[in-house]
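Structure, as structure tokens:
Numbering (the numbering used here), first residue to last: 36 to 548.
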């Protein structure tokens, strides 16, 4: 169990009598999901009215070719405190900042914006990272300056130095306002950059990939050491005692497992959870006729995930909740050997197999499924076993049923997450669509019904065109599953980008997947 926090006793929670201005920092570091790569167009272009702040320079305080290695030389006028909102910098757009700070502020004041604005407490958010960076490039070591780093990946470095200088600038600004500044939380969004080609991790751009167990342990230890160093250096600037808590998301790839390992090993690291439910930048419009990379998030995805982070920060730091993400706790095989029971740690029970918000994940086979609701069962040789059903049978328990009983002398392995959703059918015919885009049409079960799927030919995988008679399978860009909890927390922002989907104006669901 993690230790309870007392370090925020001075931050002025709702109802506190102290009216002295208090500015609470949320310091961010990471790669592309942290800097809002391709999260366009922004959905928080104006002041949201919750009273939160950023530096006049913007949430992204590190910029290439702009004192990137010499942050102390940045003009002082760029560091006045202004209302927090999203800004566009080339291909960079929305970040998690508004969702995170606004939700935390809202939670502290029971969603009463008037009280929040009248209070003396504000959040200030700053991010000094850049897309595509490895953990040691973002650290005090700053390996981005190493001559072995490809020229295209150097860009002057200075990410860590920038983060520390941002704290000095914030201290100076708070002093001119007669306010007290402290950093309340660190937020980390990095991991993909250290992924290796075969499912483990690489320490640097010139090292060979580590064996998976060693790679996971290496990243776990690197992340813990990073938090300790970052915390100590920032506290030396702000004059705070103790250690700063770090929150992180669970990234795609092997670093995600290492992040969970770090959260289990370090009482000051908190894993919020996976982010696969939020929309990716494949829905973004980065420029006319061009969409983003699936690994990035749309603007709504960034703000939505920010609210998840703000929700957990509030529960942990203001209410001392011993937060755990939705995760398996134990498994057992029933005596019949055809049923597996999995018990979960569930933030807000009961568990739900949701096939409405996310399409039912399945791969059908004779007599059942090799993957269902995200679950797969493999025998000791790695061969997938056939599932007949996945059911929630208790608030924290799921039952997997096998088509055939597992032999008494055999073991099995359970995995979760798969990109394939369902087969769609066969292409009946092809024709040109509006604006010279191609369309494909297939027969469906409805009488006289057809489904039309419009696509951009430039996005064809490997440039291979569709053909009549070809079978189609729907899939998400990355692995997912249908299991979530029943967290009732309400978002304060809503889906805003109307160029895709049908949820514009609806709140972001803050369930834990």
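Note that the Cβ used here is the ideal one computed from N, Cα and C, for glycine as well.
Taking a contact to require three or more Cβ pairs closer than 8 Å, the segment 83 to 99 and the segment 303 to 323 do not qualify as touching. Counting C-beta pairs closer than 8 Å gives fewer than three between the segment 358 to 365 and the segment 336 to 346, which falls short of the contact rule. When the Cα atoms are used, residue 300 and residue 434 turn out to be separated by approximately 30 Å. Within the same chain, and ignoring the five residues on either side of residue 268 in sequence, the residues whose Cβ sits closer than 6 Å to its Cβ are 199.
For secondary structure counted as the beta strand (DSSP E) over 3 or more consecutive residues, the segment 146 to 208 holds these complete runs in sequence order: 156 to 162. In terms of Cβ geometry, residue 119 and residue 87 form a close pair [threshold 8 Å]. The beta carbon of residue 253 lies closer than 7 Å to those of 236, 238, 245 in the same chain, with the five residues before and after it left out. Taking a contact as a CB-CB distance under 8 Å, the pair residue 392 and residue 492 does not count as one, their CB atoms being some 30 Å apart. In this structure, 379 is the residue among 379, 186, 179, 218 with its C-alpha nearest to the C-alpha of residue 547. In the displayed model, residue 543 falls within coil according to three-state DSSP, outside both helix and strand.
Looking at the DSSP output, residue 124 bridges to 127. For the options 383, 111, 377, the alpha carbon positioned closest to that of residue 521 is the one of 383. Taking the C-beta atoms as reference points, residue 229 is found no nearer than 8 Å to residue 285. Less than 8 Å divides the Cβ of residue 226 from the Cβ of residue 291.
In this chain, the alpha helix (DSSP H) harbouring residue 273 covers 247 to 273. With a 10 Å radius around the Cβ and a threshold of 16 neighbouring Cβ atoms, residue 186 comes out exposed. Residue 541 and residue 336 have their C-alpha atoms some 13 Å from each other. For residue 85, same chain residues with a beta-carbon under 7 Å away, outside a window of 5 residues either side, are 137, 140, 141, 148, 151 in chain order. Here residue 189 has 179 as same chain residues with Cβ atoms under 6 Å from its own Cβ, once five neighbours each way along the sequence are excluded. The beta carbons of residue 408 and residue 517 sit about 4 Å from each other, so the pair counts as a contact at 8 Å. Taking C-beta separations shorter than 6 Å and ignoring five residues to either side along the sequence, the partners of residue 524 in its chain run 346, 545, following chain order.
Nearest neighbour of residue 436 by Cα position, chosen from 458, 533, 410, turns out to be 410. Here the alpha carbons of residue 388 and residue 486 stand approximately 27 Å from one another. Assigned with DSSP and collapsed to three states, residue 446 falls in coil, not helix or strand. Closest in C-alpha terms to residue 105, from the list 309, 208, 191, 447, comes 191. In the DSSP assignment, residue 341 falls within the unbroken alpha helix (DSSP H) covering 334 to 352. In this structure residue 430 is in contact with residue 386, their Cβ atoms being roughly 6 Å apart against a cut-off of 8 Å. At a Cβ-Cβ threshold of 8 Å, residue 511 and residue 463 do not count as neighbours. Annotated three-state conformation of residue 330 is coil, per DSSP.
DSSP, reduced to helix, strand and coil, places residue 76 outside both helices and strands of the structure shown, so it counts as coil.
Judged by DSSP in its simplified three-state form, residue 106 adopts helix.
Sequence-distant Cβ neighbours of residue 93 in its own chain, meaning closer than 8 Å and more than five residues away, are 122, 124.
When secondary structure is reduced to three states using DSSP, residue 91 falls in the coil class, being assigned neither helix nor strand. According to the DSSP secondary-structure assignment, residue 309 is paired through a beta bridge with 285.
DSSP lists 399, 422 as the bridge partner or partners of residue 404. Straight across, the Cα-Cα distance linking residue 261 with residue 279 is about 12 Å.
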